[in-house]
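Residue numbers (the numbering used here): 2 to 463. Glycine is no exception: its CB is placed at the ideal position from the N, C-alpha and C atoms.
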Ligand code: FUL
């Protein structure tokens with residue numbers, strides 16, 4: 002008698018698009034806030050600044066790319082235009098730009114220089130184009146400004162090669178007597194899709210990536226990639242915790258991105274040189290963003306020279322060193338794994354699939370089996386301090402609750418507990434000496450599909 006091999010679990014909707022899947026894998030990329038505010042010392046300019054003030058003395062976007070690449074970032078998003086309206090590229094649609102300064106004889110293009118540097122260093126390139134524009138006279142005259150915004154977006158999305166992310170800021174400080182602009186988000190979105198079909202679009206309401214609801218760099222411990230997207234609009238979210246946690250019953254796949262600055266401000270201010278975040282803070286942010294099923298967009302603002310300042314360069318390299326040490330040795334790769342339920346009893350869905358280090362392979366249970374345990378054992382005791390879990394999100398985000406146990410002296414003891422997993426969940430645990438580790442899936446929306454269980458040894462002290 003021949004038995005029919007079990008089929009893969011049916012995707013549990015919503016699931017990520019191709020462009021979202023590629024974005025998930027980036028995990029960590031940088032923001033570079035640079036522009037008029039760098040030279041005025043402000044965070045929000047009012048649009049009356051003279052373009053002449055923009056005078057970087059040693060601008061070198063290759064330095065930005067080199068530093069960020071060495072620190073392990075996968076891409077850079079630049080503030081091509083912030084709220085003050087000053088454009089870092091020679092836009093045909095305004096005189097408020099680099100083309101109208103004496104800097105570089107009005108012939109340099111910061112966006113172009115950064116795009117080229119990203120290409121050279123193998124980094125993705127993204128753009129922030131502030132919808133709120135305090136300089137542009139047509140702002141507030143809704144159809145006219147929407148056309149202006151789309152013209153500028155078109156320049157950015159056609160002249161600089163591939164763009165991986167378009168960042169829409171919901172901020173608008175116009176008071177009750179200020180200009181009211183109705184943004185045509187739908188039309189902007191169609192434009193991005195047409196010109197850069199691979200780019201993800203970020204805003205409070207996606208459509209592809211959502212703001213996490215705070216600027217401190219953390220996602221909720223419970224963090225779903227789903228959102229009831231039609232209930233949201235950029236800059237209009239009343240309950241930010243919905244962005245921090247996502248929505249289990251969300252209708253669309255709109256995962257979270259954590260934007261946070263390495264300094265107190267988004268722009269460079271020399272008086273904040275001593276306030277660059279510590280390695281401990283950056284590692285903590287990493288565990289609370291990447292480690293909670295979100296991406297990390299770390300802002301590293303270049304200084305008035307047009308270079309990433311020394312304290313930041315130093316800190317980024319230390320941060321890289323710390324991450325390399327934490328993730329140096331995956332003990333799961335040296336272990337055996339078994340599960341109490343394997344889909345159809347088939348080796349294609351066995352526990353080993355979660356520790357084989359191969360992308361796309363995963364442990365799964367039978368349909369309707371919403372709990373299960375995966376046990377890893379070592380021949381001798383090991384010490385570990387970090388566990389990484391991943392779901393095969395191509396089939397949807399499923400796990401709602403899990404626990405982790407360690408076998409210490411022959412006894413199983415709980416060392417961590419959590420809710421969602423998603424693309425990636427990192428857990429820091431007290432160092433234990435154990436010869437086994439068990440991941441218990443305690444609840445799921447459909448049969449769990451676990452693509453990775455990694456167990457990292459404590460960093461060895463130099
Ligand atoms: C906010 C802006 O108002 C800040 O200046 C900064 O650009 C931040 C990333 O987004 O909404």
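Give me the residue from the options with the minimum Cα distance to residue i.
{"i": "residue 184", "options": "178, 171, 51 and 280", "result": "171"}
{"i": "residue 159", "options": "195, 146 and 178", "result": "195"}
{"i": "residue 66", "options": "218, 17, 93 and 309", "result": "309"}
{"i": "residue 31", "options": "119, 265 and 344", "result": "119"}
{"i": "residue 115", "options": "337, 139 and 161", "result": "161"}
{"i": "residue 330", "options": "20, 348, 247 and 387", "result": "387"}
{"i": "residue 205", "options": "256, 14, 393 and 337", "result": "256"}
{"i": "residue 377", "options": "453, 212, 211 and 53", "result": "453"}
{"i": "residue 356", "options": "323, 289 and 455", "result": "455"}
{"i": "residue 369", "options": "321, 383 and 447", "result": "447"}
{"i": "residue 126", "options": "365, 41 and 24", "result": "24"}
{"i": "residue 269", "options": "243, 285 and 307", "result": "307"}
In this structure, how does DSSP classify residue i when only helix, strand and coil are distinguished?
{"i": "residue 199", "result": "coil"}
{"i": "residue 127", "result": "strand"}
{"i": "residue 82", "result": "strand"}
{"i": "residue 1", "result": "For the chain, the structure presents residues 2 to 463; residue 1 sits outside this window and is missing."}
{"i": "residue 427", "result": "strand"}
{"i": "residue 89", "result": "coil"}
{"i": "residue 390", "result": "strand"}
{"i": "residue 96", "result": "coil"}
{"i": "residue 50", "result": "coil"}
{"i": "residue 270", "result": "coil"}
{"i": "residue 255", "result": "coil"}
{"i": "residue 284", "result": "helix"}
{"i": "residue 194", "result": "helix"}
{"i": "residue 217", "result": "strand"}
{"i": "residue 412", "result": "strand"}
{"i": "residue 276", "result": "helix"}
{"i": "residue 33", "result": "strand"}
Decide if residue i is buried, meaning its Cβ has at least 16 other Cβ atoms within 10 Å, or exposed.
{"i": "residue 147", "result": "buried"}
{"i": "residue 108", "result": "exposed"}
{"i": "residue 334", "result": "exposed"}
{"i": "residue 188", "result": "exposed"}
{"i": "residue 262", "result": "buried"}
{"i": "residue 38", "result": "buried"}
{"i": "residue 98", "result": "buried"}
{"i": "residue 304", "result": "buried"}
{"i": "residue 380", "result": "exposed"}
With C-beta atoms as the reference, is residue i less than 7 Å away from residue j?
{"i": "residue 86", "j": "residue 136", "result": "yes"}
{"i": "residue 78", "j": "residue 168", "result": "yes"}
{"i": "residue 400", "j": "residue 449", "result": "yes"}
{"i": "residue 197", "j": "residue 164", "result": "yes"}
{"i": "residue 215", "j": "residue 294", "result": "no"}
{"i": "residue 122", "j": "residue 180", "result": "no"}
{"i": "residue 460", "j": "residue 326", "result": "yes"}
{"i": "residue 226", "j": "residue 419", "result": "no"}
{"i": "residue 228", "j": "residue 253", "result": "yes"}
{"i": "residue 84", "j": "residue 267", "result": "no"}
{"i": "residue 299", "j": "residue 291", "result": "no"}
{"i": "residue 201", "j": "residue 166", "result": "yes"}
{"i": "residue 277", "j": "residue 264", "result": "yes"}
{"i": "residue 153", "j": "residue 92", "result": "yes"}
{"i": "residue 457", "j": "residue 320", "result": "no"}
**OP:** Any chance you could list the residues with Cβ under 5 Å from a heavy atom of the ligand FUL, keeping chain order?
**Re:** 170, 172 and 267
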